[in-house]
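Asks: Below: one structure in C-alpha coordinates.
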Amino acid sequence: MAREPRKPAPERLEPVGGGKERARALIAKAWQARYEALQTPPTGETAFGAVMARVEADLVRACEMCKQAGAKQELSLALGKLGHVASDLDRPDKARTLFEESVAVAREAGDPLRLAHAVRHLGQVNHRLGRLESAQRCLAEALDLYDQAGTAHPLDHANALRPMAVLREETGDVEGARLMWRRAAQLYRSAGVDEGVRECEAHLSDLDGG
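So in the numbering used here, the last one in the sequence shown is 210, and the numbering has no gaps at all.
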(Lines of atoms letter the chains of each structure in order from A and count residues from 1; the text may use other names and numbers.)
(Lines give C-alpha, C1' and ligand atoms only; values in the text may rest on other atoms or scores of the structure.)
Protein backbone atom coordinates (compact mmCIF):
# COMPACT_ATOMS: atom_id res chain seq x y z
CA MET A 1 0.00 0.00 0.00
CA ALA A 2 1.27 3.45 -0.86
CA ARG A 3 2.60 5.71 1.86
CA GLU A 4 0.15 8.15 3.36
CA PRO A 5 0.55 11.81 2.34
CA ARG A 6 2.98 13.64 4.58
CA LYS A 7 3.28 17.07 6.03
CA PRO A 8 5.62 19.23 3.91
CA ALA A 9 8.28 19.29 6.64
CA PRO A 10 9.30 17.08 9.56
CA GLU A 11 7.30 17.40 12.75
CA ARG A 12 8.31 20.39 14.85
CA LEU A 13 8.78 19.87 18.57
CA GLU A 14 8.03 22.63 21.06
CA PRO A 15 10.93 23.51 23.34
CA VAL A 16 10.50 22.52 26.98
CA GLY A 17 12.82 22.32 29.96
CA GLY A 18 15.40 19.92 31.38
CA GLY A 19 15.52 16.29 30.31
CA LYS A 20 12.42 16.72 28.17
CA GLU A 21 14.17 19.39 26.11
CA ARG A 22 17.19 17.19 25.49
CA ALA A 23 15.00 14.22 24.61
CA ARG A 24 12.90 16.28 22.22
CA ALA A 25 16.01 17.70 20.56
CA LEU A 26 17.35 14.17 20.04
CA ILE A 27 14.01 12.97 18.66
CA ALA A 28 13.95 15.94 16.27
CA LYS A 29 17.51 15.22 15.14
CA ALA A 30 16.72 11.56 14.50
CA TRP A 31 13.49 12.36 12.66
CA GLN A 32 15.23 14.91 10.45
CA ALA A 33 17.86 12.32 9.53
CA ARG A 34 15.14 9.79 8.66
CA TYR A 35 13.25 12.38 6.63
CA GLU A 36 16.35 13.24 4.61
CA ALA A 37 17.22 9.57 4.07
CA LEU A 38 13.73 8.86 2.73
CA GLN A 39 13.63 11.97 0.55
CA THR A 40 17.11 11.42 -0.90
CA PRO A 41 18.13 7.83 -0.12
CA PRO A 42 21.88 7.26 0.25
CA THR A 43 23.44 5.15 -2.48
CA GLY A 44 23.25 1.45 -1.71
CA GLU A 45 21.22 -0.57 0.75
CA THR A 46 24.12 -0.71 3.21
CA ALA A 47 24.38 3.08 3.38
CA PHE A 48 20.64 3.45 3.96
CA GLY A 49 20.78 0.80 6.66
CA ALA A 50 23.63 2.64 8.38
CA VAL A 51 21.65 5.88 8.45
CA MET A 52 18.59 4.14 9.84
CA ALA A 53 20.72 2.38 12.47
CA ARG A 54 21.92 5.79 13.69
CA VAL A 55 18.35 7.07 13.71
CA GLU A 56 17.25 4.03 15.69
CA ALA A 57 20.11 4.43 18.19
CA ASP A 58 19.23 8.10 18.77
CA LEU A 59 15.58 7.23 19.33
CA VAL A 60 16.44 4.44 21.77
CA ARG A 61 18.61 6.90 23.67
CA ALA A 62 15.78 9.44 23.63
CA CYS A 63 13.45 6.81 25.10
CA GLU A 64 15.85 6.28 28.00
CA MET A 65 16.06 10.03 28.58
CA CYS A 66 12.27 10.30 28.56
CA LYS A 67 11.94 7.50 31.10
CA GLN A 68 14.46 9.19 33.39
CA ALA A 69 12.63 12.51 33.07
CA GLY A 70 9.18 10.98 33.51
CA ALA A 71 8.21 12.49 30.15
CA LYS A 72 5.39 10.21 29.02
CA GLN A 73 4.21 12.23 26.02
CA GLU A 74 7.75 12.40 24.66
CA LEU A 75 8.30 8.69 25.40
CA SER A 76 5.17 7.77 23.45
CA LEU A 77 6.40 9.95 20.59
CA ALA A 78 9.88 8.35 20.55
CA LEU A 79 8.45 4.82 20.71
CA GLY A 80 6.13 5.62 17.82
CA LYS A 81 9.00 6.94 15.74
CA LEU A 82 10.95 3.76 16.49
CA GLY A 83 7.91 1.92 15.15
CA HIS A 84 8.12 3.90 11.91
CA VAL A 85 11.82 3.04 11.58
CA ALA A 86 11.00 -0.65 12.05
CA SER A 87 8.37 -0.33 9.31
CA ASP A 88 10.89 1.42 7.05
CA LEU A 89 13.21 -1.56 7.53
CA ASP A 90 10.39 -4.04 6.75
CA ARG A 91 10.07 -5.32 10.31
CA PRO A 92 6.30 -5.08 10.82
CA ASP A 93 6.16 -7.36 13.88
CA LYS A 94 8.74 -5.22 15.67
CA ALA A 95 6.86 -2.12 14.54
CA ARG A 96 3.63 -3.49 16.02
CA THR A 97 5.29 -4.10 19.39
CA LEU A 98 6.71 -0.58 19.44
CA PHE A 99 3.40 1.01 18.45
CA GLU A 100 1.64 -1.01 21.17
CA GLU A 101 4.12 0.39 23.69
CA SER A 102 3.56 3.89 22.31
CA VAL A 103 -0.21 3.49 22.71
CA ALA A 104 0.12 2.22 26.28
CA VAL A 105 2.30 5.16 27.31
CA ALA A 106 0.02 7.63 25.51
CA ARG A 107 -2.95 6.31 27.50
CA GLU A 108 -1.02 6.90 30.71
CA ALA A 109 -0.08 10.42 29.58
CA GLY A 110 -3.74 11.38 29.10
CA ASP A 111 -3.13 13.32 25.87
CA PRO A 112 -5.99 12.52 23.44
CA LEU A 113 -4.19 13.67 20.29
CA ARG A 114 -0.97 11.84 21.16
CA LEU A 115 -3.09 8.73 21.77
CA ALA A 116 -4.94 9.27 18.47
CA HIS A 117 -1.65 9.41 16.56
CA ALA A 118 -0.28 6.34 18.34
CA VAL A 119 -3.36 4.17 17.94
CA ARG A 120 -3.73 5.23 14.30
CA HIS A 121 -0.23 3.98 13.50
CA LEU A 122 -0.87 0.76 15.42
CA GLY A 123 -3.97 0.27 13.28
CA GLN A 124 -1.96 0.74 10.11
CA VAL A 125 0.68 -1.81 11.04
CA ASN A 126 -2.04 -4.27 12.12
CA HIS A 127 -3.60 -3.78 8.68
CA ARG A 128 -0.25 -4.47 7.05
CA LEU A 129 0.02 -7.69 9.08
CA GLY A 130 -3.45 -8.81 8.02
CA ARG A 131 -4.92 -8.30 11.50
CA LEU A 132 -8.02 -6.67 10.08
CA GLU A 133 -10.27 -6.70 13.15
CA SER A 134 -7.51 -5.20 15.30
CA ALA A 135 -6.79 -2.64 12.59
CA GLN A 136 -10.44 -1.62 12.41
CA ARG A 137 -10.71 -1.22 16.20
CA CYS A 138 -7.58 0.92 16.32
CA LEU A 139 -8.57 3.13 13.41
CA ALA A 140 -12.10 3.58 14.77
CA GLU A 141 -10.66 4.68 18.12
CA ALA A 142 -8.27 7.08 16.40
CA LEU A 143 -11.09 8.64 14.39
CA ASP A 144 -13.23 9.01 17.52
CA LEU A 145 -10.36 10.73 19.30
CA TYR A 146 -9.73 13.12 16.40
CA ASP A 147 -13.46 13.90 16.17
CA GLN A 148 -13.76 14.53 19.91
CA ALA A 149 -10.62 16.67 20.12
CA GLY A 150 -11.66 18.94 17.27
CA THR A 151 -8.15 20.42 17.20
CA ALA A 152 -6.30 17.85 15.09
CA HIS A 153 -4.39 19.02 12.03
CA PRO A 154 -6.60 18.15 9.03
CA LEU A 155 -3.78 16.10 7.51
CA ASP A 156 -3.54 13.90 10.62
CA HIS A 157 -7.30 13.40 10.59
CA ALA A 158 -7.31 12.63 6.86
CA ASN A 159 -4.46 10.17 7.29
CA ALA A 160 -6.61 8.24 9.78
CA LEU A 161 -9.61 8.25 7.44
CA ARG A 162 -7.51 6.99 4.53
CA PRO A 163 -6.54 3.55 5.96
CA MET A 164 -10.08 3.08 7.30
CA ALA A 165 -11.41 3.75 3.78
CA VAL A 166 -9.00 1.18 2.35
CA LEU A 167 -10.03 -1.32 5.02
CA ARG A 168 -13.73 -0.74 4.30
CA GLU A 169 -13.07 -1.38 0.61
CA GLU A 170 -11.22 -4.60 1.36
CA THR A 171 -14.04 -5.89 3.56
CA GLY A 172 -16.73 -5.05 1.01
CA ASP A 173 -18.27 -2.08 2.83
CA VAL A 174 -18.64 0.09 -0.26
CA GLU A 175 -20.87 2.76 1.31
CA GLY A 176 -18.61 3.01 4.34
CA ALA A 177 -15.59 3.36 2.07
CA ARG A 178 -17.27 6.12 0.07
CA LEU A 179 -18.01 8.05 3.25
CA MET A 180 -14.42 7.74 4.45
CA TRP A 181 -12.92 8.76 1.09
CA ARG A 182 -15.23 11.79 0.84
CA ARG A 183 -14.35 12.99 4.33
CA ALA A 184 -10.66 12.38 3.70
CA ALA A 185 -10.80 14.32 0.41
CA GLN A 186 -12.33 17.33 2.19
CA LEU A 187 -9.62 17.29 4.84
CA TYR A 188 -6.78 16.82 2.35
CA ARG A 189 -8.21 19.73 0.38
CA SER A 190 -8.32 21.94 3.46
CA ALA A 191 -4.72 20.93 4.26
CA GLY A 192 -3.63 21.78 0.71
CA VAL A 193 -2.46 18.22 -0.01
CA ASP A 194 -3.33 17.69 -3.67
CA GLU A 195 -1.82 14.20 -3.75
CA GLY A 196 -4.26 13.08 -1.06
CA VAL A 197 -7.23 14.66 -2.85
CA ARG A 198 -6.32 12.90 -6.10
CA GLU A 199 -6.03 9.52 -4.39
CA CYS A 200 -9.42 9.93 -2.71
CA GLU A 201 -11.08 10.98 -5.96
CA ALA A 202 -9.53 8.01 -7.80
CA HIS A 203 -10.93 5.59 -5.24
CA LEU A 204 -14.35 7.24 -5.35
CA SER A 205 -14.35 6.98 -9.14
CA ASP A 206 -13.48 3.27 -8.94
CA LEU A 207 -16.21 2.65 -6.37
CA ASP A 208 -18.72 4.41 -8.62
CA GLY A 209 -17.70 2.21 -11.53
CA GLY A 210 -15.73 4.95 -13.28
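C-beta: ideal position from N, C-alpha, C; glycine also.
1. Could you pull out every residue in the same chain whose Cβ sits closer than 6 Å to the Cβ of R34, ignoring the five residues on either side in sequence?
2. Going by DSSP, what residue range makes up the alpha helix (DSSP H) through T40?
3. Assess contact between the segment 99-111 and the segment 36-50, defined as three or more Cβ pairs (one per stretch) separated by less than 8 Å. Is contact present?
4. With 16 other CB atoms within 10 Å as the buried threshold, where does A205 fall?
5. Nearest by alpha-carbon distance to E88: which of Y188, V125, C63, R107 is it?
6. Can you give me the C-alpha to C-alpha distance between V197 and A28, rounded to a whole angstrom?
7. Which of the three DSSP states, helix, strand or coil, is assigned to D111?
8. Inspect the beta-carbon positions of M52 and A23 and report whether they are closer than 7 Å.
9. Quick check on the burial criterion: 16 or more other C-beta atoms within 10 angstroms. Buried or exposed for P163?
10. Residues in its own chain within less than 7 Å of Q73 by CB, not counting five upstream and five downstream?
11. Measuring straight from C-alpha to C-alpha, what distance separates L145 and P42?
12. Have a look at D208 and A202 and give me their C-alpha separation to the nearest angstrom.
13. Any heavy atom of the ligand SAH inside 6 Å of the beta-carbon of A71?
Replies: Taking the geometry as given:
1. V55
2. T40 -> no alpha helix (DSSP H), and no H or E assigned at all.
3. Verdict: no, contact absent.
4. Looking at the sequence provided, one finds Ser at residue 205 rather than Ala. A residue is called buried once 16 or more other Cβ atoms fall within 10 Å of its Cβ, and S205, having fewer, is exposed.
5. Per the sequence shown, the amino acid found at residue 88 is Asp instead of Glu. For the residues Y188, V125, C63, R107, the minimum Cα distance to D88 belongs to V125.
6. 29 Å
7. coil
8. no
9. buried
10. A109, D111, R114
11. 38 Å
12. 10 Å
13. This structure lacks the ligand SAH; in fact it carries no ligand of any kind.
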